[in-house]
């Protein structure tokens, strides 16, 4: 007996971005209304390998599947020409308990992170948003672009990477709307996505224009961030889940620890916005931020869809 | 791409009990000397399914593999004719991070639990032990018998089940040395294994003879036990790992909570005994107990062996 293994090609062939964005509604709703069961992840250090293993199970009450994403991060891998991250998701039958399939993890992570941004952008960005800027040139940056293009008619997408060379190479994956750019382009952006491993702010309030929507998805440790303190202070901030943001969302934790921000200052969770329990954008001049650290329930929803799409 | 899946038949064909017993030396040594990395397991409740999911990762410093055992327990399954427990173990390359194989979980659990008993019995039971009694007629009871036969020349193995019918059926899996019996047989036993789901003591000090060795492997919740308080008080008790026993070993936690026993009263961990840091049996009349709740490092060692044996 072999379990089916759905690899990156299968994931991409199974789910288009608009479907993934739509599926995120249920994921974030479940997270906010308490029907999602997402324990704190296990972090198993493998110090002698300069690596760590993460285990992230999830279930939504009433659902047909439970899943666990299993990730190994090997920090020395890139210098050996090996991938930094290896991940798989095991899909199980929640009603009977038996394992059903493995799904490649990184492609699901990229798809669901993009889809979360797509949903948040659809809910929060100005309708007439035309220009976007993306920070980052990795797998996450790719799906950020795919996602925001699904929900707004963009005429320009500027990419800023750590080197111009990387940005040019990355832009060649797309059509001519996507072009490398510079920090000075920030002032014209209607939508900004940050998908980097930066530990310090990429920009702050004075660098951007009024009315922009920002998706900050790169930082997910208490001591790293992509956004400056005054930007956080002057924006409407939406998150994926309060309990996990309080542990991992450096973009918010750092200003809070500095006494310059407070958890009471955030608007709330994306699921509360979907559920109309909190307000979204109420003027053309507000800055809105979706600060996402990512959640295993998003993996659950996407991996389950990959499995279902491949049953005939 | 498919990962290889080694099922129950593969597990049994790959590793014989004597090899498994030998492998447990490294597992228990690693547990006691600190080279095993075994975080607390995740327990994800799926209350609407009357089920739970358990995630149990493990790694030994310097090892070639890291593993995680993923178990679903569906309490309504047996009445539907489905297995109570479904489990798989994912074997990963600890040096590079990539997933390598899946191994069926229940067969590994049964093999490693038996092997732990085999090792403890070899270290603690009297050399001339001839008669054994087994409580239980399930998969765990089966490997308890296989294991103790590997380390002592037994002339009689008595099985006690919840019904005589179950015991007879179970004994038919073995040769004529294994026979159903009664509680009165306890007084003649040199080795006793308890592998039941009993919540209350199966027997106590007055029911057994001097010099017996007991393997108690059935209870692994703080409020369930197989052994009576006075038996615990009057025996030399060895455990798998102090930190996990303090959470899950009802055989010890219940007497301790009653004020009748103390963690200082135990002899120590099996790994400390292997490492000669603590003494084992020092007289023919002592009662020795191996109280095991099971540990993910045992799964790591056995699942890794299954993977290695199947590489050619």
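Residue numbers (this note's numbering), protein chains in the order written: chain A, 127 to 438; chain B, 127 to 438.
Quick reminder that beta carbons are idealized off the backbone N, C-alpha and C, glycines included.
Bear in mind the structure is a predicted one, so any value in this text is a computation, not a measurement.
Identity of the residues DSSP links to residue i by a beta bridge
{"i": "residue 387 of chain B", "result": "Answer is none; residue 387 of chain B lacks a bridge partner."}
{"i": "residue 193 of chain B", "result": "B:184, B:217"}
{"i": "residue 171 of chain B", "result": "B:178"}
{"i": "residue 198 of chain A", "result": "A:179, A:212"}
{"i": "residue 341 of chain A", "result": "A:319, A:416"}
{"i": "residue 162 of chain B", "result": "B:186"}
{"i": "residue 131 of chain A", "result": "A:228"}
Separation of residue j from residue i, as counted between CA atoms
{"i": "residue 420 of chain B", "j": "residue 354 of chain A", "result": "49 Å"}
{"i": "residue 266 of chain B", "j": "residue 236 of chain B", "result": "5 Å"}
{"i": "residue 139 of chain A", "j": "residue 268 of chain A", "result": "16 Å"}
{"i": "residue 336 of chain B", "j": "residue 417 of chain B", "result": "18 Å"}
{"i": "residue 524 of chain B", "j": "residue 211 of chain A", "result": "No answer is possible for residue 524 of chain B: it lies beyond the span of chain B, which begins at 127 and ends at 438."}
{"i": "residue 287 of chain A", "j": "residue 308 of chain A", "result": "9 Å"}
{"i": "residue 320 of chain B", "j": "residue 297 of chain B", "result": "16 Å"}
{"i": "residue 299 of chain A", "j": "residue 165 of chain A", "result": "37 Å"}
{"i": "residue 391 of chain B", "j": "residue 413 of chain B", "result": "14 Å"}
{"i": "residue 393 of chain B", "j": "residue 163 of chain A", "result": "40 Å"}
{"i": "residue 292 of chain B", "j": "residue 204 of chain B", "result": "16 Å"}
{"i": "residue 408 of chain B", "j": "residue 362 of chain B", "result": "10 Å"}
{"i": "residue 234 of chain B", "j": "residue 437 of chain B", "result": "18 Å"}
{"i": "residue 389 of chain A", "j": "residue 130 of chain B", "result": "47 Å"}
{"i": "residue 180 of chain B", "j": "residue 198 of chain B", "result": "6 Å"}
{"i": "residue 285 of chain B", "j": "residue 382 of chain B", "result": "30 Å"}
{"i": "residue 315 of chain B", "j": "residue 403 of chain B", "result": "29 Å"}
{"i": "residue 169 of chain B", "j": "residue 200 of chain B", "result": "13 Å"}
{"i": "residue 216 of chain A", "j": "residue 310 of chain B", "result": "48 Å"}
{"i": "residue 410 of chain B", "j": "residue 258 of chain B", "result": "16 Å"}
{"i": "residue 255 of chain A", "j": "residue 240 of chain A", "result": "18 Å"}
{"i": "residue 342 of chain A", "j": "residue 415 of chain A", "result": "7 Å"}
{"i": "residue 171 of chain B", "j": "residue 184 of chain B", "result": "21 Å"}
{"i": "residue 406 of chain B", "j": "residue 364 of chain B", "result": "9 Å"}
{"i": "residue 144 of chain A", "j": "residue 246 of chain A", "result": "13 Å"}
{"i": "residue 400 of chain A", "j": "residue 367 of chain A", "result": "13 Å"}
{"i": "residue 330 of chain B", "j": "residue 290 of chain B", "result": "22 Å"}
{"i": "residue 167 of chain A", "j": "residue 434 of chain B", "result": "29 Å"}
{"i": "residue 380 of chain B", "j": "residue 142 of chain A", "result": "55 Å"}
{"i": "residue 154 of chain A", "j": "residue 272 of chain A", "result": "20 Å"}
{"i": "residue 128 of chain B", "j": "residue 132 of chain A", "result": "8 Å"}
{"i": "residue 202 of chain B", "j": "residue 209 of chain B", "result": "9 Å"}
{"i": "residue 182 of chain A", "j": "residue 134 of chain A", "result": "19 Å"}
{"i": "residue 276 of chain A", "j": "residue 332 of chain A", "result": "29 Å"}
{"i": "residue 207 of chain A", "j": "residue 264 of chain A", "result": "16 Å"}
{"i": "residue 196 of chain B", "j": "residue 294 of chain A", "result": "43 Å"}
{"i": "residue 387 of chain A", "j": "residue 387 of chain B", "result": "51 Å"}
beta-carbon residue i near the ligand NAD non-hydrogen atom, thresh 7 Å
{"i": "residue 404 of chain B", "result": "Ligands displayed in this structure: none; no statement on the ligand NAD is therefore possible."}
Proximity of residue i and residue j at Cβ, strictly below 8 Å
{"i": "residue 194 of chain A", "j": "residue 243 of chain A", "result": "no"}
{"i": "residue 283 of chain A", "j": "residue 318 of chain A", "result": "no"}
{"i": "residue 377 of chain A", "j": "residue 395 of chain A", "result": "no"}
{"i": "residue 190 of chain A", "j": "residue 423 of chain A", "result": "no"}
{"i": "residue 213 of chain A", "j": "residue 232 of chain A", "result": "yes"}
{"i": "residue 397 of chain B", "j": "residue 159 of chain B", "result": "yes"}
{"i": "residue 340 of chain A", "j": "residue 312 of chain A", "result": "no"}
{"i": "residue 136 of chain A", "j": "residue 432 of chain A", "result": "yes"}
{"i": "residue 375 of chain B", "j": "residue 238 of chain B", "result": "no"}
{"i": "residue 161 of chain B", "j": "residue 187 of chain B", "result": "yes"}
Unbroken stretches of the beta strand (DSSP E), 3 residues or longer, contained in the segment 251-334 of chain A: Taken in chain order, the complete beta strand (DSSP E) segments of 3 residues or longer contained in the segment 251-334 of chain A are 257-261, 282-286, 304-306, 317-320.
At least three beta-carbon pairs within less than 8 Å, the segment 346-362 of chain A to the segment 314-326 of chain A: Output reads yes: the segment 314-326 of chain A touches the segment 346-362 of chain A.
Can at least three beta-carbon pairs, one atom from the segment 150-166 of chain B and one from the segment 426-438 of chain B, be found at a separation below 8 Å? Three or more beta-carbon pairs drawn from the segment 150-166 of chain B and the segment 426-438 of chain B are found closer than 8 Å, and the two stretches are therefore classed as touching.
Check whether the segment 354-371 of chain A touches the segment 304-317 of chain A, taking contact to mean three or more Cβ pairs, one atom from each stretch, closer than 8 Å. These segments do not touch.
Is the segment 361-377 of chain B close to the segment 276-295 of chain B, with three or more CB pairs under 8 Å? No: fewer than three Cβ pairs fall under 8 Å.
Meets three-Cβ-pair contact criterion under 8 Å: the segment 246-257 of chain B and the segment 219-229 of chain B: Taking a cut-off of 8 Å on C-beta distances, the segment 246-257 of chain B does not touch the segment 219-229 of chain B, as fewer than three cross pairs fall below it.
Segment contact, 8 Å Cβ cut-off, at least three pairs: the segment 172-190 of chain B with the segment 210-223 of chain A: Counting Cβ pairs under 8 Å, three or more are found: they touch.
For the segment 209-257 of chain B, which segments carrying the alpha helix (DSSP H) assignment without a break, of at least 4 residues, lie completely within its bounds, in sequence order? If we require 4 residues or more, the alpha helix (DSSP H) runs fully inside the segment 209-257 of chain B come out as 231-250.
Which runs of the alpha helix (DSSP H) fall wholly inside the segment 353-438 of chain B and span at least 4 residues, in chain order? Listed in chain order, the complete alpha helix (DSSP H) runs (minimum 4 residues) inside the segment 353-438 of chain B are 355-359, 368-374, 376-383, 396-400, 422-435.
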